[in-house]
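*Asks:* In terms of the working numbering, the sequence shown has 27 at position 26, counting the first letter as 1, and numbering is strictly consecutive.
Heads up, the beta-carbon is just placed ideally off N, CA and C, and yes, glycines get one too.
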Amino acid sequence: MKTSDNPLRYSMIIRWSDDDQLYIVEVPELPGCKTHGKTYEDAVMQAQDAIDAWIYGHRAAGYAIPNPAVYHASDSGFSSQLRQSH
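#1: Considering only C-alpha positions, which residue in the set His73, Arg60, Met46 is nearest to Leu31?
#2: Which whole-angstrom value describes the C-beta separation of Val28 and Ala54, a residue pair presumed to lie in contact below a C-beta threshold of 8 Å?
#3: Beta-carbon within less than 8 Å of Ser18's beta-carbon, same chain only, minus the 5 sequence neighbours each way: which residues are those?
#4: Whose C-alpha, out of Ala62, Gln22, Asp20, Lys35, is nearest the C-alpha of Met13?
#5: Using only alpha-carbon positions, find the residue among Tyr64, Ile66, Asn68, Ile15 that is nearest to Thr40.
Following this line, the structure appears as structure tokens:
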């Protein structure tokens with residue numbers, strides 16, 4: 002059910018749950034889009050499927066699909082931190 006050009010363009014927040022012994026994934030741009038996996042890699046794959054399903058369901062219902070958030074390395078200072086660490 003591939004509906005998005007690239008589900009990896011959406012942000013994923015991945016956290017380990019001691020209670021569940023699973024990686025929990027949330028997609029901030031897509032309200033309610035959550036999933037989990039036994040391994041980090043499995044959680045990412047499950048998230049790709051969840052993103053596709055979320056988009057498919059919302060598109061079928063006639064809802065607008067949010068664009069992925071755009072982050073720039075210069076906004077976070079990440080690229081300057083890399084340069085300073087060398």
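*Replies:* By the coordinates alone:
#1: Arg60
#2: So it is not a contact: roughly 11 Å between Cβ atoms.
#3: Tyr24, Ile25, His37
#4: Lys35
#5: Ile15
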